[in-house]
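The structure appears below as structure tokens.
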Amino acid sequence: MVPLRTTPSNRPKSNRTTASSSLVTSIILLYTISSSQTLSLSTTTTSSSSSSSSSLPNNNNNPFTNKSPIAFGTLNPAYDTTPTTGLANLLNSLPSGTLIDTAEKYGTDDGDAERELGSALQFCGRTFQKCNDDNESNNDNDNNNTPDLLLCSKFAPKPWRTSPDSVVQACRSSAERLGVNSIFLYQLHYSDAISQPFKIFGYVDNKDEIYWEGLAQCYHEGLIEHVGVCNYGPQNVRAAHAFFAKRNVPLVSNQINFNLMRHRSSVETKSVCDELGIRVFGYHPLGGGVLTGAYDDEWFRNTPGGFNKRKSKSTRVRWYQKKCVPVIRAVRDVASRRGKSPAQVAINWCVCKGIVPICGARDVEQVLEAVGGGGGGGMGEDDKEGSCWRLSEMEVEELDEASAVSAEYARGFELI
0 MVPLRTTPSN
10 RPKSNRTTAS
20 SSLVTSIILL
30 YTISSSQTLS
40 LSTTTTSSSS
50 SSSSSLPNNN
60 NNPFTNKSPI
70 AFGTLNPAYD
80 TTPTTGLANL
90 LNSLPSGTLI
100 DTAEKYGTDD
110 GDAERELGSA
120 LQFCGRTFQK
130 CNDDNESNND
140 NDNNNTPDLL
150 LCSKFAPKPW
160 RTSPDSVVQA
170 CRSSAERLGV
180 NSIFLYQLHY
190 SDAISQPFKI
200 FGYVDNKDEI
210 YWEGLAQCYH
220 EGLIEHVGVC
230 NYGPQNVRAA
240 HAFFAKRNVP
250 LVSNQINFNL
260 MRHRSSVETK
270 SVCDELGIRV
280 FGYHPLGGGV
290 LTGAYDDEWF
300 RNTPGGFNKR
310 KSKSTRVRWY
320 QKKCVPVIRA
330 VRDVASRRGK
340 SPAQVAINWC
350 VCKGIVPICG
360 ARDVEQVLEA
370 VGGGGGGGMG
380 EDDKEGSCWR
390 LSEMEVEELD
400 EASAVSAEYA
410 RGFELI
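For the record, in the sequence shown the residue sitting at position 11 is 10 according to numbering that gives the first Met the number 0, with numbers rising by one throughout.
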């Protein structure tokens with residue numbers, strides 16, 4: 000059995016020795032790769048997946064088990080006031096135990112979203128792990144010292160990031176921008192296999208294992224509480240899980256595209272994650288807004304012409320509206336019968352599938368709607384079901400059947 004996670008002060012020194020040895024191994028591996036003419040895209044996963052599986056904590060010990068059923072995303076923020084006060088208002092509307100998902104790549108420039116989130120956290124009255132000498136909560140009246148907002152960020156593979164230390168340095172920078180001593184969940188944003196500019200020439204330099212080693216170092220140094228990955232399919236999930244197990248690091252999460260219009264291609268990934276005790280987070284739970292019915296005729300009439308992002312979006316939305324009529328209609332019908340909004344039904348369906356949907360919001364009303372979709376308070380909380388509800392098995396089946404005859408949402412990464 001892998002031992003329970005230790006605190007930074009009492010973690011075995013041998014872990015750091017292992018990390019140093021792994022760094023030397025990684026450097027040798029890089030030299031070997033650079034001297035070869037070609038490298039199979041499966042080099043990383045083959046070496047890891049061949050190792051024996053380890054007994055890591057199952058879902059009963061997963062750190063997300065008793066947290067909010069939804070997470071709050073900061074990919075495309077657009078607040079009703081200034082960034083700091085607007086985001087602070089949204090944060091203050093979230094239930095305790097909500098994970099706040101961000102990334103160094105989010106925002107106009109790298110780090111922008113983390114900086115805005117860090118400023119908003121200082122402005123709002125919620126508890127989190129503040130960056131100070133005493134490592135105390137930002138709420139002086141909080142005797143529990145357990146933060147009620149949990150910060151999650153991501154490391155992005157880049158060609159010039161070629162060592163485990165590059166992950167550690169990026170993690171430190173993210174923590175500084177967020178204003179915390181440690182990050183609750185730190186994730187690899189996507190597999191480095193995706194960022195291979197020389198693949199067309201037959202050369203692939205997949206640095207995933209180097210980045211995994213860096214994440215393990217962050218964990219053992221106490222910079223992060225938990226380790227996760229994003230956009231990993233079955234093969235990479237198993238490889239990463241085996242790699243981290245050998246370093247006494249539980250892999251606790253995998254973030255993928257998951258919604259009523261995009262889940263059939265994720266079934267195997269979800270199954271493998273369940274088997275290994277890895278919680279799945281789902282981004283785009285509303286299918287880019289298509290499942291909400293927000294894009295009506297008025298929205299299209301007001302869409303400007305020419306080659307711009309919104310025009311491109313309107314073309315894409317039109318396509319999904321035509322190809323996904325059955326599931327859009329089913330979501331609307333279930334919502335009408337249950338006295339919920341279409342967005343809440345789409346979100347609750349994710350929850351019923353064992354997914355933690357990552358919901359974005361532009362104002363407090365949308366936050367409450369998303370919270371209500373997760374089954375907690377918010378909009379619709381005064382109905383006969385009170386503040387906790389779930390779609391019935393028949394309703395989930397109805398939505399599944401409608402989804403099966405609709406086109407699949409294509410945005411997002413291919414799961415390998």
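For every residue, glycine included, the Cβ atom is placed at its ideal position computed from N, Cα and C.
Practice task
Check whether the Cβ atoms of Asp100 and Ile415 lie closer than 8 Å to each other.
Solution key: No, these two residues do not count as a Cβ contact at 8 Å.
Handout entry: Supposed contact pair Pro68 and Gly374 - C-beta distance, whole angstroms, cut 8 Å
Key = That pair is a contact at about 6 Å.
Problem - DSSP state of Thr97 mapped onto helix, strand, coil - result: Correct three-state label for Thr97: strand.
Problem - Residues near Gly281 in its chain [Cβ-Cβ closer than 8 Å; skip 5 each side] - result: Closer than 8 Å at Cβ, skipping near neighbours: Gln254, Ile255, Asn256, Phe257, Asn258, Cys349, Ile354, Val355, Pro356, Ile357.
Handout entry: Three-state secondary structure assigned by DSSP to Arg171
Key = In the structure shown, Arg171 sits in a helix (DSSP, three-state: H, G or I).
Practice task
Report the residue from Pro233, Tyr210, Lys66, Glu274 whose alpha carbon sits nearest the alpha carbon of Ser264.
Solution key: Ranking the options by Cα distance to Ser264, first place goes to Pro233.
Problem - Pick from Asp399, Glu368, Trp318 that is closest to Ser340, judged by C-alpha positions - result: Cα-wise, what sits closest to Ser340 is Glu368.
Exercise for the section: Return the first residue and the last residue of the beta strand (DSSP E) that Gly72 is part of. Expected result: It spans 70-72 - the beta strand (DSSP E) in which Gly72 sits, taken as one unbroken run.
Problem - Three-state secondary structure assigned by DSSP to Asn253 - result: DSSP, reduced to helix, strand and coil, places Asn253 within a strand of the structure shown.
Problem - Test: Ser405 CB closer than 8 Å to a CB of chain B - result: Chain labels in this structure do not include chain B; a single protein chain is all it has.
Problem - Cutoff 6 Å; reference Ser118; Cβ partners in own chain excluding five residues on either side - result: Thr83, listed in sequence order.
Handout entry: Residue from Leu214, Cys272, Gly276 whose Cα sits closest to the Cα of Val248
Key = Looking at the Cα atoms, Leu214 is the closest of the given residues.
Handout entry: Sequence-distant residues of its chain with Cβ nearer than 6 Å to Asn138 (five each side left out)
Key = With a pLDDT of 40 at Asn138, under the threshold of 50, the predicted position of this residue should be treated as unreliable, though the coordinate-derived value follows. Here the set comprises Thr126.
Problem - According to DSSP, residues forming a beta bridge with Asn258 - result: DSSP output for Asn258 lists Arg261 as bridge partner(s).
Problem - Within 8 Å, strictly: CB atoms of His225 and Val251 - result: In this structure, Val251 lies closer than 8 Å to His225 by Cβ.
Problem - Length of the line joining the Cα atoms of Tyr105 and Phe71 - result: Answer to the nearest angstrom: the Cα atoms are 14 Å apart.
Exercise for the section: Using 10 angstroms around the beta-carbon of Gly227, count the other beta-carbons present and answer buried if the total reaches 16, otherwise exposed. Expected result: Burial call: buried.
Practice task
Measure the CB-CB distance between Arg171 and Arg114 and report whether it falls below 8 Å.
Solution key: Cβ distance not < 8 Å, so Arg171 and Arg114 don't count as in contact.
Exercise for the section: Within the same chain, show all residues whose beta-carbon is closer than 8 Å to that of Pro94, passing over the 5 residues directly before and after it, in chain order. Expected result: Closer than 8 Å at Cβ, skipping near neighbours: Ser67, Val370, Gly375, Gly376.
Handout entry: Same chain only: Cβ atoms within 6 Å of Leu98, ignoring 5 sequence neighbours per side
Key = Within the same chain, and ignoring the five residues on either side of Leu98 in sequence, the residues whose Cβ sits closer than 6 Å to its Cβ are Ala70, Leu149, Cys151.
Handout entry: Cα-Cα separation, Pro196 to Val363
Key = Cα to Cα, Pro196 sits roughly 42 Å from Val363.
Exercise for the section: Along the beta strand (DSSP E) that carries Tyr408, what are the first and last residues, could you check? Expected result: For Tyr408, no beta strand (DSSP E) run applies, since DSSP gives it neither H nor E.
Handout entry: 6 Å Cβ shell around Ser405 - same chain, five flanking residues per side excluded
Key = Excluding positions up to five away in sequence, the list reads Cys323, Pro325, Val326.
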